[in-house]
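J.:
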Amino acid sequence: MKTLQHLFDNNLDWANSIKEQDPDFFKRLSKLQSPEYLWIGCADSRVPANQITKLQPGEVFVHRNIANVVVHTDLNCLSVLQFSVDVLNVKHIIVCGHYGCGGVKAAMEEEQHGLIDNWLRHIRDVIRFNQEEYDNSPEEKRFDLLCELNVKEQVSNVCNTTILQNAWKAGKDITVHGWIYSIEDGILRSLETVTNPNQS
Ligand code: CO
Numbered sequence: 000m001k002t003l004q005h006l007f008d009n010n011l012d013w014a015n016s017i018k019e020q021d022p023d024f025f026k027r028l029s030k031l032q033s034p035e036y037l038w039i040g041c042a043d044s045r046v047p048a049n050q051i052t053k054l055q056p057g058e059v060f061v062h063r064n065i066a067n068v069v070v071h072t073d074l075n076c077l078s079v080l081q082f083s084v085d086v087l088n089v090k091h092i093i094v095c096g097h098y099g100c101g102g103v104k105a106a107m108e109e110e111q112h113g114l115i116d117n118w119l120r121h122i123r124d125v126i127r128f129n130q131e132e133y134d135n136s137p138e139e140k141r142f143d144l145l146c147e148l149n150v151k152e153q154v155s156n157v158c159n160t161t162i163l164q165n166a167w168k169a170g171k172d173i174t175v176h177g178w179i180y181s182i183e184d185g186i187l188r189s190l191e192t193v194t195n196p197n198q199s
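Note that numbering that gives the first Met the number 0 has the sequence shown beginning at 0, numbered continuously upward.
Below is the structure:
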């Protein structure tokens, strides 16, 4: 079973079922992608962007990493962002975190986890930026709170990139959304929405 044949079987089933409903689906998609949304989410296997939003192939451009972090020196995330904004002309950028995020949890703990601690350092910074709110929150609520604060911080990071700043200056209509997903009930919730500050 080292060849993962069951995944190829699943794939064939999936492709055939789509072609049954829409024979030209793949032909059409192969010529062009013009997704309206960029999704920046956690790599967690329980938060698959397409499935939880019922979006089809071609409808959402996706970037995922541990704890949905947007770092200004991360060429990978910035390249995705730039391509989405400048070439694909996405209309919406969704930063989606989730409750129960292992990356956020690890950032709250004192013990070391190896290389990943350097990545999670960015989430520890989120605690520092919001120290008062974090300290004043009841201990049992801090994990949820930090998952939410992390989304808002990453939304702010997206908005502060030269990519978004220049797109907005050029008058592009792009909205940045901060969402959070609950693994326990499968429900998405909006935390904040940021639009072009140059437009009233
Ligand atoms: Co996560």
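All residues carry an ideal CB built from backbone N, CA and C; glycine is no exception.
Taking Cβ positions, are Val157 and Val69 nearer each other than 8 Å?
T.: Taking the sequence shown and counting its residues from 1, one reaches residue 157 at position 158. Taking the sequence shown and counting its residues from 1, one reaches residue 69 at position 70. Yes; because the gap between Cβ atoms is below 8 Å, this pair is in contact.
J.: Less than 6 Å between C-beta atoms, sequence neighbours within five positions excluded: which residues of the same chain meet that for Ala42?
T.: Residue 42 sits at position 43 when you count from the first residue of the sequence shown. Within the same chain, Ala42 has close Cβ partners Arg63, Asn64, Ile65.
J.: Run the proximity test for Asp43: is its beta-carbon closer than 7 Å to any non-hydrogen atom belonging to the ligand CO?
T.: Your numbering for residue 43 matches position 44 in the sequence shown. Correct: Asp43 has its Cβ closer than 7 Å to the ligand CO.
J.: Can you have a look at Leu3 and say buried or exposed, based on whether 16 or more other CB atoms are within 10 angstroms of its CB?
T.: Numbered from its first residue, the sequence shown carries residue 3 at position 4. Looking at its Cβ environment, which holds fewer than 16 other Cβ atoms inside 10 Å, Leu3 is exposed.
J.: Tell me which same chain residues have a C-beta within less than 8 Å of the C-beta of Asp85, skipping the five on either side of it?
T.: Residue 85 sits at position 86 when you count from the first residue of the sequence shown. Once the five neighbours on either side are set aside, the close Cβ partners of Asp85 are Ile162, Ala166.
J.: What do you get for Leu37, buried or exposed, if any count of 16 or more other CB atoms within 10 angstroms of its CB means buried?
T.: Position 38 of the sequence shown, counting from 1, holds the residue named residue 37. Leu37 is buried by the Cβ-count criterion.
J.: List the endpoints of the continuous alpha helix (DSSP H) containing Cys95.
T.: As a first step, residue 95 must be located in the sequence shown, where it is residue number 96. Premise fails: Cys95 lies in the beta strand (DSSP E), 91 to 97, not in any alpha helix (DSSP H).
J.: Got a sec: does the ligand CO put a non-hydrogen atom nearer than 7 Å to the Cβ of Gly185?
T.: Locating residue 185 in the sequence shown gives position 186, counting from the first residue. The answer is no for Gly185.
J.: Can you look up Val70 in the DSSP assignment and give me helix, strand or coil?
T.: Sequence index remark: in the sequence shown, residue 70 carries index 71 (1-based). In this structure, Val70 counts as coil in the three-state DSSP scheme.
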